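Below is one structure; the comments refer to it alone.
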Amino acid sequence: MSDHGESRSQNYSATVERTIPAEHAGLRLDQALARLFPEHSRSRLQAWVRAGRVTVDAAQADVKRKVWGGERVALSPAAVGTADRYAPQAIGLEIVHEDDAILVVDKPAGMVVHPGAGNRDGTLANALLHHAPALAAVPRAGIVHRLDKDTTGLLVVAKTLAAQTDLVRQLARRTAKREYLALVHGRVAQAGEVDAPIGRHPTARTRMAVTPRGKPARTRYRVVERFADATLLAVSLDTGRTHQIRVHMRSIGHPIVGDPTYGSRAAPREGGRGRAQPATIAFPRQALHAARLGLVHPASGAACEWRSELPGDMRSLVDRLRDRARR
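Residue numbers for the sequence shown follow the working numbering, beginning at 1 and rising by one.
Below you can see the structure in the form of structure tokens.
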């Protein structure tokens with residue numbers, strides 16, 4: 001999670017004071033603060049220290065200074081919400097779970113997650129702020145991970161700062177589990193994984209690619225069902241790079257059906273595995289669905305899991321392929 005600095009409205013929360021306990025002796029200030037204020041991420045706390053919003057024994061301090069126990073810390077949090085950036089809009093949401101800490105949404109195809117260039121409204125963030133106005137006090141309207149515009153399925157949203165920090169940490173530690181259903185071109189022989197770094201395409205800067213200069217990325221997949229010229233895969237991520245599943249499936253010669261960016265018939269081979277598969281199946285979007293989401297509830301500590309069935313358009317396509325394979 002990245003923090004977006006202070007709100008334009010410059011509304012600040014009341015100063016909170018704590019004493020550094022003896023068991024934190026020897027820690028850096030930012031490490032101690034992260035334990036004293038677990039509802040805030042360390043990056044946010046570091047930014048507040050640098051902005052002078054944290055004092056130790058009434059004096060300004062550096063994030064790297066050591067604490068030894070007994071110091072009096074005063075924190076004056078800056079507002080971190082998003083009310084001044086996103087406008088609430090009455091957009092229907094399919095909510096599969098909601099409580100005081102989190103909300104789980106089944107996102108439809110065509111919905112952008114965050115406002116941005118060319119998509120200033122009509123997004124999931126706009127819809128969330130209308131559904132739960134208190135999300136205006138949470139960065140990014142509580143959204144902690146995203147799906148591409150035309151990818152469907154499950155997203156978790158944090159309703160409090162503490163829940164958001166906890167969920168971001170789960171995602172970083174890879175303890176939150178996400179499984180996708182992907183329909184790819186060609187017949188995939190068996191389960192496998194792709195362990196290949198992903199970064200910006202060297203020439204097409206709006207695309208991602210497998211590149212030695214990229215960040216580590218690993219995708220695991222297993223066969224759910226094979227058809228005459230396509231395969232339905234269950235795909236899980238060990239990392240969360242932009243367009244990771246789409247890029248990795250293309251790299252092994254099995255691009256996702258309907259993918260407008262990575263689904264061309266010129267899919268390259270990856271390490272000699274697979275071969276380029278012609279894009280012979282028509283579909284108006286990438287056939288990719290976030291079907292399962294598992295995490296530890298940030299408030300109760302209970303293990304939770306939600307599942308989402310294939311959306312109607314993907315289900316119809318799979319039915320057609322199944323009928324064709326039976327002939």
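Glycine included, C-beta positions come from ideal geometry on N, C-alpha and C.
Bear in mind the structure is a predicted one, so any value in this text is a computation, not a measurement.
Where the beta strand (DSSP E) containing residue 306 begins and where it ends: Here the question's residue 306 lines up with position 306 in the sequence shown. 303 to 307 is the extent of the beta strand (DSSP E) around residue 306.
Cβ separation of residue 181 and residue 232, assumed to be a contact under 8 angstroms, to the nearest whole Å: If you number the sequence shown from 1, residue 181 lands on position 181. If you number the sequence shown from 1, residue 232 lands on position 232. 6 angstroms between Cβ atoms; contact.
Can you tell me which of the three DSSP states residue 195 falls into? For the purposes of this step, residue 195 is identified with residue 195 of the sequence shown, where counting begins at 1. Looking at residue 195 - three-state DSSP - the assignment turns out to be strand.
Candidates 292, 234 and 39: which alpha carbon is nearest residue 77's? Sequence index remark: in the sequence shown, residue 77 carries index 77 (1-based). Taking only the C-alpha atoms, the option nearest residue 77 is 39.
Taking the alpha carbon of residue 242 as the reference point, which residue from 213, 200 and 220 has its own alpha carbon closest? Indexing the sequence shown from 1 puts residue 242 at position 242. Here the closest residue by C-alpha is 200.
Taking 8 angstroms as the cut-off, does the stretch 134 to 146 touch the stretch 157 to 174 (at least 3 CB pairs, one atom from each stretch)? yes
Skipping 5 residues on each side, what residues in its chain have a beta carbon closer than 8 angstroms to that of residue 64? Taking the first residue of the sequence shown as 1, we reach residue 64 at position 64. Excluding sequence positions up to five before and after residue 64, its CB lies within less than 8 angstroms of the CB of 28, 29 and 30, all in the same chain and listed in chain order.
Please state if the CB of residue 214 and the CB of residue 198 are separated by a distance shorter than 7 angstroms. For the purposes of this step, residue 198 is taken as residue 198 along the sequence shown, with counting starting at 1. For the purposes of this step, residue 214 is taken as residue 214 along the sequence shown, with counting starting at 1. Their beta carbons are under 7 angstroms apart, which means residue 198 touches residue 214 by this criterion.
Less than 7 angstroms between C-beta atoms, sequence neighbours within five positions excluded: which residues of the same chain meet that for residue 184? As a first step, residue 184 is located in the sequence shown; it is residue number 184 there, counting from the start. Closer than 7 angstroms at the Cβ level, and outside the excluded window around residue 184, lie 230, 231, 233, 249, 254, 255, 256 and 257.
Tell me whether residue 16 is buried or exposed, calling it buried when 16 or more other Cβ atoms sit within 10 Å of its Cβ. For this step, residue 16 is matched to residue 16 along the sequence shown. The residue in question, residue 16, is exposed, as its Cβ has fewer than 16 Cβ neighbours within 10 Å.
Give the single residue among 121, 134 and 152 whose Cα lies nearest to the Cα of residue 109. The residue labelled residue 109 in the question sits at position 109 within the sequence shown. The shortest Cα separation from residue 109 among 121, 134 and 152 belongs to 152.
Helix or strand or just coil, what does DSSP make of residue 269? As a first step, residue 269 is located in the sequence shown; it is residue number 269 there, counting from the start. In this prediction, residue 269 scores a pLDDT of 43, lower than 50, which makes its location untrustworthy; no coordinate-derived value is stated.
Option in 87, 298 and 245 with minimal Cα separation from residue 126: As a first step, residue 126 is located in the sequence shown; it is residue number 126 there, counting from the start. For residue 126, the nearest C-alpha among the options comes from 87.
Check the C-beta distance from residue 111 over to residue 103 and give it rounded, since I have them as a contact under 8 angstroms. In the sequence shown, counting from the first residue as 1, residue 111 sits at position 111. In the sequence shown, counting from the first residue as 1, residue 103 sits at position 103. Residue 111 to residue 103, Cβ: 15 angstroms. No contact.
Taking the beta strand (DSSP E) that residue 145 falls in, what are its first and last residues? On the sequence shown, position 145 is the one that residue 145 refers to. Counting along the chain, residue 145 falls outside any beta strand (DSSP E), and DSSP gives it neither H nor E.
Under DSSP, the alpha helix (DSSP H) around residue 248 begins and ends at which residues? Taking the sequence shown and counting its residues from 1, the one referred to as residue 248 is at position 248. Unbroken alpha helix (DSSP H) run through residue 248: 244 to 251.
In whole angstroms, what is the alpha-carbon distance linking residue 208 and residue 139? Walking along the sequence shown from the start, residue 208 turns up at place 208. Walking along the sequence shown from the start, residue 139 turns up at place 139. Cα to Cα, the separation comes out at about 26 angstroms.
My output table needs one value for residue 11: the three-state DSSP class, helix, strand or coil. Taking the first residue of the sequence shown as position 1, residue 11 is located at position 11. Only weak support is given to the placement of residue 11: the predicted model assigns it a pLDDT of 41, under 50, and the question is left unresolved by the model.
Taking buried to mean at least 16 other C-beta atoms within 10 Å of its own C-beta, is residue 203 buried or exposed? Counting from 1 along the sequence shown, the entry for residue 203 is found at position 203. When all chains shown are included, residue 203 counts as exposed.
Residue 219 beta carbon less than 7 angstroms from that of residue 188: The residue you call residue 188 lines up with position 188 of the sequence shown. The residue you call residue 219 lines up with position 219 of the sequence shown. No.
In whole angstroms, what is the alpha-carbon distance linking residue 121 and residue 26? Stepping through the sequence shown from its first residue, residue 121 is reached at position 121. Stepping through the sequence shown from its first residue, residue 26 is reached at position 26. When rounded, the distance between both Cα atoms is 48 angstroms.
Nearest to residue 282 by CA position, among 316, 289, 252 and 304, is which residue? In the sequence shown, residue 282 corresponds to position 282, counting from 1. Per the Cα distances, 316.
Please list the terminal residues of the continuous alpha helix (DSSP H) segment that includes residue 132. Position 132 of the sequence shown holds residue 132. Counting along the chain, residue 132 falls outside any alpha helix (DSSP H), and DSSP gives it neither H nor E.
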